[in-house]
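Written below as structure tokens is the structure these notes are about.
Residue numbers (our numbering): 1092 to 1348.
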């Protein structure tokens, strides 16, 4: 096998990884899962690429109706009050709404409001659904409910601190638990997506595996550090970090942007 051929294979691998990370959109359809998670990329000793998935999981207690009122008042620039609330439906009052105001609520908040009359607003909602909706708006990221260690969490697929998330909630909610990681099922499904992309390009012999709960490893045996540096370390979307020598599972990882 010539050096040019091996260089081409590594280049195809890198292209496949980049396509996998940016071309896919997170959705569930007929049992299929996609994600647009961001990654930190590290080349270790020229033998593998290590991907660190950026994101966090949180548990939140919040007043869903207060969150809605605050956002509706920001759109309408006037007072909105809560008339009634059940587990499924909330009804709000805002006197003498115009049709333009109703349309503005629908378009700017992207929620399925109904308007029984010109003075009232109704919405079918749950607390978790409103929290997910708020975090998607505030973070401009993919946000989903996941399960971890037998408990339900909300997963944000981008890097945010607990303090930042608390600021998004303001006085209307509290972050009760924060984990600086994505869920194991998200890591495994992302590995599957990358494998599918590599198979499509004829690189099925390149091994992709999950390392611990948080990292994805792509084996690059047979490539020297110099060759990998020449092919991979180019200006682009990712910051590539070169690490000499072997890496143990207890060693911290440097994350790119």
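Beta carbons: idealized from backbone N, C-alpha and C, even for Gly.
Source: prediction; values computed, not measured.
Excluding sequence positions up to five before and after residue 1286, its CB lies within less than 7 Å of the CB of 1299, all in the same chain and listed in chain order.
By the criterion of a C-beta distance shorter than 6 Å, residue 1302 is surrounded in its chain by 1308, once the five residues flanking it on both sides are discounted. Non-local C-beta neighbours of residue 1206 in its own chain, meaning closer than 8 Å and more than five positions away in sequence, comprise 1188, 1193, 1212, 1213, ordered along the chain. The C-alpha of residue 1145 is placed about 38 Å away from the C-alpha of residue 1171. Nearest Cα to residue 1147 within the set 1284, 1153, 1290, 1269: 1269. A check of alpha carbon separations from residue 1244 across 1231, 1228, 1276 identifies 1276 as the nearest.
Within a 10 Å sphere around the beta-carbon of residue 1306 sit 16 or more other beta-carbons, which makes this residue buried. Around the CB of residue 1208, fewer than 16 other CB atoms lie within 10 Å, so the residue is classed as exposed. Annotation: the continuous alpha helix (DSSP H) that includes residue 1230 extends over 1218-1230. Residues 1179, 1180, 1203 of the same chain have their beta carbon placed closer than 8 Å to that of residue 1215, with the five preceding and five following residues left out of the count. Contact annotation: residue 1234 and residue 1246 have beta-carbon atoms nearer than 8 Å. Inter-residue distance for residue 1261 and residue 1284 is about 36 Å (C-alpha atoms, whole angstroms). Beta-carbon to beta-carbon, residue 1152 and residue 1264 are separated by about 6 Å, close enough to satisfy the 8 Å threshold. Bounds of any alpha helix (DSSP H) do not take in residue 1170, whose DSSP letter is neither H nor E.
Residue range 1190-1200 is occupied by the alpha helix (DSSP H) that includes residue 1197.
At a Cβ-Cβ threshold of 8 Å, residue 1158 and residue 1183 do not count as neighbours. By the neighbour-count definition (other C-beta atoms within 10 Å, threshold 16), residue 1274 is a buried residue.
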